[in-house]
Amino acid sequence: MNKVAQMLKKVGAAFGAGCASIFRAFPRGAKGVKLASALMLLLLLGLGGLGWYWSREPLAFDVRASPALFKSTQGRNVVTGSVTTATLIQVGETLLDKPGGYLSNDRTPPSIFLDNMPNWEFGVLVQVRDLTRSLRNDLSRSRTQSLENPSLAAAEPLFNYDNNSWVLPASESQYREALSHLHTYIQGLSQQQNPDTQFYARADNLRDYLTIVEKRLGGLSQRLSASVGPTRVNIDLAGDPNAGQSTRPAVTRGHKTPWLELDDVFYEARGSTWALIHFLKAIEVDFADVLEDKNAKALLQQIILELEATQQPVWSPMILNGNGFGFFANHSLVMASYISRANAALIDMRALLTDG
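Position one of the sequence shown corresponds to residue 76 (our numbering), numbered consecutively onward.
What follows is the structure, encoded as structure tokens:
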């Protein structure tokens, strides 16, 4: 918080100095003041309009007809794994090429005053990292003794680069390099002369990825619910009488999200679920036979519907934090409700993939 305050102080000082120089450029007197004031008003309106435009969330796209899929499979057949990998690429390119570009590491107005979109970007980035890691460790490998794909081995650490670096190197340059490695991987999938580049649509691979997703959604649900500071019984060691942990656990836990961070968590959840919707739709295509065999397709579609509800327009000018059944809404709890329902269905689906 101190670093943020210092940064805002410097930006405010620079902005004030700029305003003073503009005023000095005009002739003294009432007419000059009016002209300078009008110019400053137009500048503020322009920055505000640009900030509003850059804060608009990207629309969803069709995973079966994404530009990344068309580009990577042009002149080649769409094979198992093409849709999932192309969707990962398209989500990554959307993160970098949406209006305003990648804003999380910007240091100039109006980006520096925006926080909703940078948090949305971080939510998307976390899901991109998870799927890339799963591609590298599970989806592209037949068994534990198999060799990892070199393109995915290069892409995964690049996506894990600091999301807030603005120079030497900038975050965008690392992520674009990672996307170039993913393009190399997807182009190799459909080449018959390249049998080492594979995507294995197996039930155990999908189950391992859904385990990661399940934990991400559970964590988001807990953070969103903390908007009202609920008290929770400590169940960390429940179910194992011989379990232990490094420090003595408290009997109950209570944590409330600070008021100024409510919208941060909310928009991070929006970004995370936006990306996950596309990934699950792609999985529905590439894992179609597995889902039919396990009778899990309807459950996956229900999960997608629950997550799509999180993308409904927010009509309020700010994220409200009403108390439970109080007079005002609590947007965080509404979001947590949809995510919790999707997470519960994910748990059922993972059980189906194991025992179905």
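The beta carbon of each residue, even a glycine, is placed where N, CA and C say it ideally should be.
What you are looking at is a predicted structure, and each value in this text was computed from that prediction instead of being measured.
Coil, strand or helix - residue i by DSSP
{"i": "Asn398", "result": "coil"}
{"i": "Asn418", "result": "helix"}
{"i": "Asn45", "result": "Any property of residue 45 remains undetermined from this structure, which presents the chain solely from 76 to 431."}
{"i": "Lys173", "result": "coil"}
{"i": "Gln66", "result": "Since the first residue shown for the chain is 76 and the last is 431, residue 66 is missing from the structure and cannot be characterised."}
{"i": "Leu83", "result": "Unreliable placement is indicated for Leu83, whose pLDDT of 43 sits below 50; no coordinate value is reported for it."}
{"i": "Trp349", "result": "helix"}
{"i": "Thr322", "result": "coil"}
{"i": "Glu223", "result": "coil"}
{"i": "Lys331", "result": "coil"}
{"i": "Val153", "result": "coil"}
{"i": "Met76", "result": "Confidence in Met76 is poor, its pLDDT being 38 and thus under 50, which makes the residue's placement unreliable; the coordinate value appears in the next sentence. Of the three classes helix, strand and coil, the one that applies to Met76 here is coil, per DSSP."}
{"i": "Ala371", "result": "coil"}
{"i": "Ala276", "result": "coil"}
{"i": "Phe362", "result": "coil"}
{"i": "Gly126", "result": "helix"}
{"i": "Pro232", "result": "helix"}
{"i": "Leu214", "result": "helix"}
{"i": "Asp181", "result": "coil"}
{"i": "Gln387", "result": "coil"}
{"i": "Asp137", "result": "coil"}
{"i": "Ala426", "result": "helix"}
{"i": "Gly167", "result": "helix"}
{"i": "Val201", "result": "helix"}
{"i": "Ser302", "result": "helix"}
{"i": "Val242", "result": "coil"}
{"i": "Arg208", "result": "helix"}
{"i": "Leu295", "result": "helix"}
Cut-off 6 angstroms between Cβ atoms - residues of its own chain near residue i, not counting five sequence neighbours on either side
{"i": "Gly263", "result": "Asn269 and Thr272"}
{"i": "Gly126", "result": "Pro185 and Leu189"}
{"i": "Ser226", "result": "His256, Thr259 and Tyr260"}
{"i": "Lys173", "result": "Pro133"}
{"i": "Asp205", "result": "Ile287"}
{"i": "Val108", "result": "none"}
CB contact flag (residue i, residue j, <8 angstroms)
{"i": "Thr429", "j": "Arg282", "result": "yes"}
{"i": "Val158", "j": "Leu144", "result": "yes"}
{"i": "Asn180", "j": "Ala245", "result": "yes"}
{"i": "Asn194", "j": "Glu343", "result": "yes"}
{"i": "Ala404", "j": "Gln377", "result": "no"}
{"i": "Val365", "j": "Ala278", "result": "yes"}
{"i": "Asn238", "j": "Phe197", "result": "yes"}
{"i": "Ser300", "j": "Leu408", "result": "yes"}
{"i": "Leu395", "j": "Ile379", "result": "no"}
{"i": "Leu171", "j": "Arg298", "result": "no"}
{"i": "Ala363", "j": "Val138", "result": "no"}
{"i": "His330", "j": "Gly304", "result": "yes"}
{"i": "Trp241", "j": "Arg151", "result": "no"}
{"i": "Leu233", "j": "Gln220", "result": "no"}
Identified DSSP bridge partners for residue i
{"i": "Asn405", "result": "Asn396"}
Cβ shell of residue i (< 8 angstroms), same chain only, five flanking positions each side left out
{"i": "Ser147", "result": "Ser157, Thr160, Ala161, Ile164, His258, Ile261 and Gln262"}
{"i": "Ile422", "result": "Glu289"}
{"i": "Asn235", "result": "Arg204"}
{"i": "Arg131", "result": "Pro174"}
{"i": "Leu119", "result": "none"}
{"i": "Val389", "result": "His406"}
{"i": "Ser265", "result": "Thr148, Arg151, Asn152, Val153, Val154 and Ser157"}
{"i": "Tyr45", "result": "Any property of residue 45 remains undetermined from this structure, which presents the chain solely from 76 to 431."}
{"i": "Thr322", "result": "none"}
{"i": "Lys78", "result": "Its pLDDT being 48, under 50, Lys78 is placed unreliably by the model, and nothing is read from it."}
Cut-off 7 angstroms between Cβ atoms - residues of its own chain near residue i, not counting five sequence neighbours on either side
{"i": "Ala371", "result": "Met424, Leu427, Leu428 and Gly431"}
{"i": "Val166", "result": "Val199, Val203, Ala350 and His353"}
{"i": "Leu254", "result": "Ile164, Gly167 and Glu168"}
{"i": "Leu122", "result": "Pro184 and Pro185"}
{"i": "Ala228", "result": "Arg211"}
{"i": "Ala384", "result": "Tyr413"}
Supposed close pair residue i, residue j - CB separation, criterion 8 angstroms
{"i": "Ile414", "j": "Thr332", "result": "Ile414 to Thr332, Cβ: 15 angstroms. No contact."}
{"i": "Ala276", "j": "Asp213", "result": "11 angstroms between Cβ atoms; not a contact."}
{"i": "Leu292", "j": "Ala417", "result": "6 angstroms"}
{"i": "Tyr284", "j": "Ser391", "result": "Not a contact, Cβ separation roughly 34 angstroms."}
{"i": "Asn224", "j": "Arg211", "result": "7 angstroms"}
{"i": "Leu375", "j": "Glu359", "result": "6 angstroms"}
{"i": "Met410", "j": "Phe341", "result": "6 angstroms"}
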